[in-house]
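Take a look at the structure below.
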């Protein structure tokens, strides 16, 4: 627990405050103890004075009694002086005792009783003086009064002794309390001071540790600052700070370089910066800066600057307001040299323009291929047909062979043109997805191939297909090409059997799909046939344009059909895979994302 607190940032402050409070506490304890010691000393002194004064009072009473007796016995007036002085001293001592015991109820009560006894003793003195004068010292009255006086004197002596004992007992109690206080206070102060030293040592250790960390952090900050400066140079950007309340700016070294200047070559102000801005962008940038000064924010803005050597650079700036712990606002900004981006964008626009022009030329070529090229091809086939009808009986055997080859070449030419047109159509991206019933599209594809299906007595097994978003004419073309491929590469030993399976799958469950597939769920279609198949080493090559695995004389085709299939699937952001077993058949697996 303490270890966790030790590493808190507020630990040193807390220790400082605690130590300050402890020092104040120790000082207050010391003050209280000194004051208590002084008060105890005063009480001891007062106690001593009370005892002394009580004994003096009793001494004065005895002096008065001795003077009184001497005068009564000898009738010598010189004995009256001790009596008179004793009486005066008794009054003075009594007044002093009354002052010393004013805060002690018990002694005040004793003093009052003593005062009563002294008054009785004084009355006894007066009575014995009268009796001695009238009846003589041998009279019974005098002797009785003398006995009474002796009894009162004993009572006074007992009361004085009682008062002295009370003061002595009280003095012992005060000394004991004083000694207890003196013995406990040093221990307590030692413990408190020890605790203070421990806390101060912990704080010192923390400060020393913080200083070491601060030194290390400063070194890292220096390295980071240098790295940041190098990063600014490499990434061609500079940073700046606007202190909102002081309305002052700070520029990084590389911001000066973006303007074609050396670091710190001019004072970082708005006016000095504007001197480098392109004249055509000056009004726009001034408006944005004024907006920044009022709204304390700067969105992304692009502008140009002109170096002193005439080089024009494109810059992009952005700023965001932050508030420090002391509540002061600062706008942190970054400015980046985007000249290369602008140049690349211009080159890209030029290339796009060139690509658009090529696309127009390709469209013109498609028009020529679909009209102008097919027209002379039709004429060649027409004239060959007429030549065969009218002059066929005049041809030699080799002439007939040449005619057949010309017809085959013309047919392959027509098929190639048609496939190229189909492939061109799949490259168009202006077709939008729409909901379509794949069962209907498959039926249309079967209708396109109905004559071949009947001639080959082909059997197609189909599971129920879904209604999904697709480009209908492309999916129909996909079905037509896959079915046509299975029929084209059928086995001579058996009738074609084509099975079409469908299921919904999770992308993460399919090993063949990439880890970063475009969708989470897919529609999976499987086209399986029992044709001649192929070696799996060609599973990817069969989708390459114009690629053929067989001789054109053995199997008709242009090598474009499966390329069209792959293009259609890619247009739908899907995947197609091929697996083959020679003389067993082929399997085409298609994944279309669920939209």
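In our numbering, the protein residues as written are 661 to 1255.
We put the CB at the ideal spot given by N, CA and C, even for glycine.
None of these values were measured; they are calculated from a predicted model.
query, result
"Since residue 1240 and residue 1196 are thought to touch, with beta carbons under 8 Å apart, how far apart are those beta carbons, to the nearest angstrom?", "6 Å"
"With a threshold of 16 other CB atoms inside 10 Å of the CB of residue 805, please say whether the residue is buried or exposed.", "buried"
"Assuming residue 982 and residue 990 are in contact, meaning their beta carbons sit under 8 Å apart, how far apart are those beta carbons, in whole angstroms?", "6 Å"
"Can you grab the Cα-Cα spacing for the pair residue 758 / residue 795, in whole Å?", "39 Å"
"Counting only the same chain and skipping the five closest in sequence on each side, list residues whose C-beta sits under 6 Å from that of residue 1117.", "1155"
"Could you tell me whether the Cβ atoms of residue 915 and residue 967 are closer together than 9 Å?", "no"
"What distance in whole Å lies between the Cβ atoms of residue 1188 and residue 1247, which are believed to be in contact at a cut-off of 8 Å?", "5 Å"
"Going by alpha carbons, who is nearest to residue 1127 out of 1157, 1147 and 1164?", "1164"
"How long is the line joining the alpha carbons of residue 1095 and residue 1008, rounded to whole angstroms?", "36 Å"
"Taking only beta-carbon atoms, is residue 861 less than 9 Å away from chain B?", "In the structure shown, chain B does not exist; there is a single protein chain."
"Could you name the residues of the same chain whose beta carbon sits closer than 6 Å to that of residue 1151, not counting the 5 residues immediately before and after it, in chain order?", "1191 and 1192"
"Taking the DSSP output, what are the residues bridged to residue 910?", "901"
"Give me the Cα-Cα distance between residue 1318 and residue 1250, rounded to the nearest whole angstrom.", "Past the boundaries of the shown model lies residue 1318; the chain is included only from 661 to 1255, so the question cannot be answered."
"Between the beta-carbon of residue 1113 and the beta-carbon of residue 1106, is there less than 9 Å?", "yes"
"Drop a sphere of 10 angstroms on the beta-carbon of residue 816, count the other beta-carbons inside from all chains shown, and report buried for 16 or more, exposed for fewer.", "buried"
"Using the C-alpha atoms, what's the distance from residue 913 back to residue 1198?", "60 Å"
"To the nearest angstrom, how far is it from the Cα of residue 908 to the Cα of residue 984?", "16 Å"
"Which class does residue 1244 belong to by DSSP, given the choice of helix, strand or coil?", "coil"
"At what residue ranges does the segment 1091 to 1126 contain a whole run of the beta strand (DSSP E), taking only runs of 3 or more?", "1094 to 1097 and 1119 to 1122"
"In or out: residue 810 buried (at least 16 other Cβ within 10 Å) or exposed?", "exposed"
"Determine the contact status of residue 1225 and residue 1147, defining contact as a CB-CB distance below 9 Å.", "no"
"Which of the three DSSP states, helix, strand or coil, is assigned to residue 763?", "coil"
"Return yes when the Cβ of residue 716 is within less than 9 Å of the Cβ of residue 749, no when it is not.", "yes"
"Can you grab the Cα-Cα spacing for the pair residue 973 / residue 995, in whole Å?", "12 Å"
"Does the separation of the CB atoms of residue 1186 and residue 1223 fall below 9 Å?", "no"
"Are residue 1180 and residue 1254 closer than 9 Å when you measure CB to CB?", "yes"
"Here's the rule: buried if 16 or more other CB atoms are within 10 angstroms of the residue's CB, otherwise exposed. What is residue 1238?", "buried"
"Buried or exposed for residue 1145, going by 16 or more other Cβ atoms inside 10 Å?", "buried"
"Tell whether a beta-carbon distance below 9 Å holds between residue 774 and residue 754.", "yes"
"Residues in the same chain with beta-carbon distance under 8 Å from residue 925, minus the five sequence neighbours each way, listed in chain order, please.", "916"
"Closest by CA to residue 1227, which one among 1134, 965, 818 and 1001?", "1134"
"Tell me the DSSP secondary structure of residue 919 in three-state form.", "coil"
"With a threshold of 16 other CB atoms inside 10 Å of the CB of residue 788, please say whether the residue is buried or exposed.", "buried"
"DSSP three-state label for residue 1204, please.", "coil"
"Tell me the residue span of the alpha helix (DSSP H) that contains residue 931.", "930 to 934"
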